[in-house]
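Trainee: Protein chains in written order, with the working numbering: chain A, 1 to 440; chain B, 441 to 597. Where is the CB? At the ideal position from N, CA and C, for every residue including glycine.
What follows is the structure, given as structure tokens:
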């Protein structure tokens, strides 16, 4: 099976070994082509972003203005804070030079002279590993001014590592830029999009670490080769991080489009104690959860998961077995988003807190059936009403967990209404239309 | 009490400033250097950082209080962080958290009287496949159970 991002060659993180295996050949091949040719190949390869939205990478690059008096920037997103996602650290550890090579090719393609690699602050060890690799690349003339000698081109670029400081929100691209600029990690209103108005008001492209690490392989082996791997509409390989109730958790590089059931039972050894699966969260904690009894035929690629009512996200698959208390899981997820909401938009700042409080009430056993409608209604009022996608990320798990596992959640609520307070929410219960539908 | 950077750190800061086209952008790395030297970010530290970078004090304050990894009060020599997020929770992190709390006699963001330990319940640390986990300062300890955690805590000098 094809391995692109984590080839599994021993000591691949040592530069001599990387060079011996054709390291930086792709950059050599790329630098004699025009920037349009490179963007065109990446476009045709069908490479889609691995950071969550699965946007076409080549298309994103083509948004960068061709002629501008301003400097252009590349940001590489290694914030990786989504619960269930732990793939980028594997790249920092095992394949840092391919990431560096991907960065210089991307910089060349979009015309950026400076790249910032944003790594979450908790990854102290991996920041040191990556910094060593960057220093090594500078020393060998693969970065900085000496690139001109090494590759015999007019192009050169710099790469700096920016250490985050524990804010989930900085994984959002515009808030990542604010963080690099030395501001609070508040997302920016779009438009203007980063390609017009990004870092310090200059054209900027933001790509995920895994996405960029794919680029050298595409340039080296050609777009046709890449586009034939995995699912046609979302080609390539993908790093899947498996966690939760699974026998062999960890990061697996697999072609996109692999059956979720294959992944869980054949590759990762199934569920401990041969228990049944109650629920699978396929793309990190913010993605809509899937029912364990409806996993047949679902494939791990953006389109298939979309059809199944979820999304690929960061491909952080969390498996929950039949004995899992879903309320406790949902409460934990809600608490996370409440904690990580940056506080800029009211629906998210207040709504995440309300959802947590309401779920706590259910957990204490004093919830009523109207609380379930209330939760869905809050979620519906957050989604789409915020500057960034954190609002959606907070709303989806609540909305879909409750609607898809209503049988589970109804066990936690008292039947009927315990409070005699004539409030709007309560009085709407027992009507033909549930409140959640009215809110839509 | 006023705060001054050591000469070695001033050299590091000069290097940091070269990475960015605007002085404000250095605030995060410089705050890390300050925290390393001083142990935590006091008002005096923030004032010095603002002075040094030539930026407004309020900018330093806003960054230092927004990001959770900057501590505005002294923390322990060993800052123990226990992840209780979903993937860790499914593998027993809540029980682990309770037992660590009990063993150290500390709660979330408490510091022991001798300043040796501080405890924090943290959000996902990106070790989901190796859950449950704790981090001590910057070092990760993964695939844990109660016994292993106690062994690690007992080994701290």
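Which term fits residue 390 of chain A, buried or exposed, when burial requires 16 or more other beta carbons within 10 angstroms of its beta carbon?
Mentor: Mapped onto the first chain, residue 390 of chain A falls at position 390. The residue is buried, with at least 16 neighbouring Cβ atoms inside 10 Å.
Trainee: Pairs of beta-carbons, one from the segment 268-279 of chain A and one from the segment 317-327 of chain A, closer than 8 Å: are there three or more?
Mentor: With the cut-off at 8 Å, the segment 268-279 of chain A and the segment 317-327 of chain A touch.
Trainee: Can you name, in chain order, every residue of its own chain whose Cβ lies under 7 Å from the Cβ of residue 96 of chain A, other than the five neighbours on each side?
Mentor: The residue you call residue 96 of chain A lines up with position 96 of the first chain. Result list for residue 96 of chain A: 13, 129, 130, 133, in chain order.
Trainee: Along chain A, in chain order, which residues have C-beta atoms closer than 8 Å to that of residue 585 of chain B?
Mentor: Along the second chain, one-based indexing puts residue 585 of chain B at 145. Per Cβ cutoff of 8 Å: no residues; residue 585 of chain B is ~14 Å from chain A at best.
Trainee: Does chain A have any CB closer than 8 Å to the CB of residue 578 of chain B?
Mentor: As a working note, residue 578 of chain B is residue 138 in the second chain. Chain A contact via Cβ: present.
Trainee: Taking Cβ-Cβ distances shorter than 7 Å, what residues in chain B pair up with residue 17 of chain A?
Mentor: Stepping through the first chain from its first residue, residue 17 of chain A is reached at position 17. Here the premise fails: no neighbours, minimum Cβ distance about 25 Å.
Trainee: Give the straight-line distance between the Cα atoms of residue 58 of chain A and residue 397 of chain A, rounded to the nearest whole angstrom.
Mentor: The residue labelled residue 58 of chain A in the question sits at position 58 within the first chain. The residue labelled residue 397 of chain A in the question sits at position 397 within the first chain. Rounded to whole angstroms, residue 58 of chain A to residue 397 of chain A spans 31 Å at the Cα level.
Trainee: Spell out the partners DSSP gives residue 299 of chain A in its beta bridges.
Mentor: In the first chain, counting from the first residue as 1, residue 299 of chain A sits at position 299. DSSP output for residue 299 of chain A lists A:259 as bridge partner(s).
Trainee: Would you call the CB atoms of residue 161 of chain A and residue 465 of chain B closer than 8 Å?
Mentor: Against the first chain, residue 161 of chain A aligns to sequence position 161. Against the second chain, residue 465 of chain B aligns to sequence position 25. No, the Cβ-Cβ distance between residue 161 of chain A and residue 465 of chain B is not below 8 Å.
Trainee: Which whole runs of the beta strand (DSSP E) in the segment 326-387 of chain A are 3 residues long or more, in chain order?
Mentor: Here no run is fully enclosed.
Trainee: Kindly indicate the opening and closing residues of the alpha helix (DSSP H) around residue 528 of chain B.
Mentor: Position 88 of the second chain, counted from the first residue, corresponds to residue 528 of chain B. First-last of the alpha helix (DSSP H) with residue 528 of chain B: 526-530.
Trainee: Indicate whether at least one CB of chain B lies closer than 8 Å to the CB of residue 245 of chain A.
Mentor: Start at 1 with the first residue of the first chain, and residue 245 of chain A comes out as number 245. Yes, residue 245 of chain A lies at the interface with chain B (some Cβ there is under 8 Å from its Cβ).
Trainee: With DSSP as the reference, identify every bridge partner of residue 158 of chain A, one or two as the case may be.
Mentor: Stepping through the first chain from its first residue, residue 158 of chain A is reached at position 158. Answer is A:114.
Trainee: At 4 residues or longer, and completely inside the segment 80-138 of chain A: list those alpha helix (DSSP H) runs for me, N to C.
Mentor: For the segment 80-138 of chain A, whole alpha helix (DSSP H) runs of length 4 or above, ordered along the chain, are 88-94, 96-110.
Trainee: Evaluate residue 165 of chain A with the Cβ neighbour count: other Cβ atoms within 10 Å of its Cβ, from every protein chain shown; 16 or more gives buried, anything less gives exposed.
Mentor: Taking the first residue of the first chain as position 1, residue 165 of chain A is located at position 165. It counts as buried.
Trainee: Since residue 180 of chain A meets chain B, which of its residues come closer than 9 Å, beta carbon to beta carbon?
Mentor: Taking the first chain and counting its residues from 1, one reaches residue 180 of chain A at position 180. Under the 9 Å cutoff, chain B gives 460, 465, 468.
Trainee: What residue range does the alpha helix (DSSP H) around residue 58 of chain A cover?
Mentor: As a first step, residue 58 of chain A must be located in the first chain, where it is residue number 58. Here the alpha helix (DSSP H) through residue 58 of chain A covers 57-62.
Trainee: Along the segment 501-517 of chain B, what residues have a CB closer than 8 Å to any CB found in chain A?
Mentor: Hits within the stretch, in order: 502, 503, 506, 507, 508, 509, 510.
Trainee: Could you work out which residue in A:175, A:220, A:239, A:221 is closest to residue 343 of chain A when comparing CA atoms only?
Mentor: Counting from 1 along the first chain, the entry for residue 343 of chain A is found at position 343. Nearest option by C-alpha distance: A:175.
Trainee: Output the boundary residues of the beta strand (DSSP E) element that contains residue 205 of chain A.
Mentor: Residue 205 of chain A sits at position 205 when you count from the first residue of the first chain. Segment 204-208, the beta strand (DSSP E) holding residue 205 of chain A.
Trainee: Can you list, in chain order, the residues of its chain with a C-beta nearer than 8 Å to that of residue 454 of chain B? Leave out the 5 residues immediately preceding and following it.
Mentor: The sequence position of residue 454 of chain B within the second chain is 14, counting from 1. None.
Trainee: In the DSSP assignment, find the unbroken alpha helix (DSSP H) run with residue 448 of chain B in it and report its ends.
Mentor: As a first step, residue 448 of chain B must be located in the second chain, where it is residue number 8. Unbroken alpha helix (DSSP H) run through residue 448 of chain B: 447-457.
Trainee: Please list, in chain order, the chain A residues whose beta carbon lies closer than 8 Å to that of residue 569 of chain B.
Mentor: On the second chain, residue 569 of chain B is found 129 positions in, with the first residue counted as 1. Under the 8 Å cutoff, chain A gives 86, 241, 242, 243, 249, 250, 251.
Trainee: Tell me where the alpha helix (DSSP H) around residue 18 of chain A begins and ends.
Mentor: Position 18 of the first chain, counted from the start, is the residue given in the question as residue 18 of chain A. Counting along the chain, the alpha helix (DSSP H) containing residue 18 of chain A begins and ends at 15-20.
Trainee: Pick helix, strand or coil for residue 581 of chain B, following the three-state DSSP scheme.
Mentor: Translated into the one-based positions of the second chain, residue 581 of chain B becomes position 141. Strand at residue 581 of chain B.
Trainee: With burial defined as no fewer than 16 other Cβ atoms inside 10 Å of the residue's Cβ, what is the status of residue 548 of chain B: buried or exposed?
Mentor: Against the second chain, residue 548 of chain B aligns to sequence position 108. So residue 548 of chain B ends up on the exposed side.
Trainee: Smallest Cα separation from residue 393 of chain A: which of A:227, A:325, A:286?
Mentor: Within the first chain, the letter at position 393 stands for residue 393 of chain A. Of the candidates A:227, A:325, A:286, the one whose C-alpha sits nearest the C-alpha of residue 393 of chain A is A:286.
Trainee: Go through its chain and collect everything with a Cβ distance to residue 451 of chain B's Cβ below 6 Å, but skip five positions before and after it.
Mentor: In the second chain, residue 451 of chain B corresponds to position 11, counting from 1. Result list for residue 451 of chain B: empty, nothing under 6 Å.
Trainee: For residue 483 of chain B and residue 172 of chain A, what's the separation of their Cα atoms in angstroms?
Mentor: Residue numbering aside, residue 483 of chain B sits at position 43 when the second chain is read from its first letter. Residue numbering aside, residue 172 of chain A sits at position 172 when the first chain is read from its first letter. About 29 Å.
Trainee: Run down chain A in chain order and give the residues with a C-beta less than 8 Å from the C-beta of residue 575 of chain B.
Mentor: One-based indexing of the second chain puts residue 575 of chain B at position 135. Under the 8 Å cutoff, chain A gives 122.
Trainee: Can you pull the DSSP bridge partners for residue 321 of chain A?
Mentor: In the first chain, the residue the question calls residue 321 of chain A occupies position 321. Bridge partners of residue 321 of chain A: A:277.
Trainee: Using a threshold of 8 Å, state whether the C-beta atoms of residue 26 of chain A and residue 136 of chain A are closer than that.
Mentor: Position 26 of the first chain, counted from the first residue, corresponds to residue 26 of chain A. Position 136 of the first chain, counted from the first residue, corresponds to residue 136 of chain A. Result no, Cβ atoms of residue 26 of chain A and residue 136 of chain A do not sit closer than 8 Å.
Trainee: State yes or no: is the C-beta of residue 533 of chain B within less than 8 Å of the C-beta of residue 243 of chain A?
Mentor: The residue labelled residue 533 of chain B in the question sits at position 93 within the second chain. The residue labelled residue 243 of chain A in the question sits at position 243 within the first chain. The answer is no: Cβ separation not under 8 Å.
Trainee: Which residues share a DSSP beta bridge with residue 77 of chain A?
Mentor: Residue numbering aside, residue 77 of chain A sits at position 77 when the first chain is read from its first letter. DSSP output for residue 77 of chain A lists A:118, A:208 as bridge partner(s).
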